[in-house]
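In UniProt numbering, the protein residues as written are 1 to 337.
For glycine and all other residues, C-beta sits at the position ideal for the given N, C-alpha and C.
See below for the structure under consideration.
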């Protein structure tokens with residue numbers, strides 16, 4: 001797999017994967033990205049031009065997609081509309097990108113018999129009870145958990161997962177799927193939970209928490225997500241799904257308290273806001289199949305260390321996120337969040 005097409009490779013998780021490929025393989029990478037508000041050419045800055053090429057285009061445009069797939073040995077599909085709040089305001093782009101875009105890619109890899117890996121989310125499974133609601137049985141999502149999406153975002157990702165499975169079974173497409181827990185790390189848009197709270201504190205405001213703050217997410221550093229995807233691409237069995245997680249379950253309020261501690265601020269210096277509609281309570285990943293079958297292990301097993309590195313990145317790269325911040329907070333303010 002010397003020639004790899006990465007869709008959404010100028011976005012947060014996709015660009016980190018491109019950096020991982022350049023640092024750890026000899027692959028030539030083509031990035032296909034629409035360069036929406038959530039992606040940035042700056043995220044690819046410094047990468048060698050003889051190894052990485054950026055093509056600006058839409059994954060739902062077959063005329064753009066097909067020639068790029070035809071020249072590739074593998075496609076890693078990150079491109080997606082992914083922000084839950086935005087999907088509640090306007091679901092249409094989520095249907096177009098997440099479902100129609102995936103269909104276009106699947107047709108192209110089917111035509112040219114190209115290896116395909118589809119990057120999905122644990123949100124397709126819905127949510128789990130909080131630990132104090134279930135006592136001694138801390139259930140987690142597995143590859144066999146039934147789908148139960150609860151937002152337009154997670155529903156469209158669930159639909160794209162089903163398309164991939166159907167194309168494997170019906171047409172013999174050489175594809176794998178991964179469902180990952182919540183990512184954090186550099187280059188993440190300030191609308192997302194961790195960078196929003198970090199940048200609020202940097203700018204001298206209190207971080208904001210939805211509802212009671214007890215919603216739990218299973219956090220993984222994006223570097224670990226990248227290494228897991230590459231492991232699946234190299235070693236994964238065709239037609240299989242692998243869940244990616246790093247045992248990083250934290251409640252939203254505990255994450256915010258950790259950020260406040262890092263800045264030397266009181267842990268209760270929080271602004272509480274109205275809960276989001278359909279807010280899932282808990283996500284938790286059981287990644288045993290990925291670890292035992294493919295031998296993968298996360299590097300950032302200490303969440304506080306990964307968080308400290310992420311905070312440092314945002315402190316050092318204010319010029320990148322600051323122009324995005326005002327518009328993002330204006331949108332939240334209009335919704336009372």
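Residue i (DSSP reduced to helix, strand or coil)
{"i": "residue 217", "result": "strand"}
{"i": "residue 16", "result": "helix"}
{"i": "residue 238", "result": "coil"}
{"i": "residue 272", "result": "strand"}
{"i": "residue 40", "result": "coil"}
{"i": "residue 54", "result": "strand"}
{"i": "residue 10", "result": "coil"}
{"i": "residue 322", "result": "helix"}
{"i": "residue 251", "result": "strand"}
{"i": "residue 304", "result": "helix"}
{"i": "residue 3", "result": "strand"}
{"i": "residue 32", "result": "strand"}
{"i": "residue 229", "result": "helix"}
{"i": "residue 357", "result": "The displayed coordinates of the chain run from 1 to 337. Any statement about residue 357 would go beyond what the structure contains."}
{"i": "residue 281", "result": "coil"}
{"i": "residue 258", "result": "helix"}
{"i": "residue 190", "result": "coil"}
{"i": "residue 334", "result": "helix"}
{"i": "residue 77", "result": "strand"}
{"i": "residue 224", "result": "helix"}
{"i": "residue 290", "result": "helix"}
{"i": "residue 263", "result": "coil"}
{"i": "residue 48", "result": "coil"}
{"i": "residue 83", "result": "coil"}
Local Cβ density within 10 Å of residue i, reported as buried at 16 or more and exposed below that
{"i": "residue 24", "result": "exposed"}
{"i": "residue 263", "result": "exposed"}
{"i": "residue 274", "result": "exposed"}
{"i": "residue 248", "result": "buried"}
{"i": "residue 261", "result": "exposed"}
{"i": "residue 315", "result": "exposed"}
{"i": "residue 301", "result": "exposed"}
{"i": "residue 295", "result": "exposed"}
{"i": "residue 335", "result": "exposed"}
Beta-bridge pairing of residue i - partner residues as DSSP gives them
{"i": "residue 209", "result": "272"}
{"i": "residue 92", "result": "Note: residue 92 sits in no beta bridge, so no partner."}
{"i": "residue 244", "result": "180"}
**Item:** Minimum length 4: unbroken alpha helix (DSSP H) runs contained in the segment 115-182
**Value:** 131-134, 152-171
**Asked** Touching or not, the segment 4-13 and the segment 25-38, by the rule of three or more beta carbon pairs under 8 Å?
**Response** yes
**Message:** Can you confirm whether the segment 183-196 touches the segment 147-158 when touching is taken to mean that 3 or more C-beta pairs between the two stretches lie within less than 8 Å?
**Reply:** no
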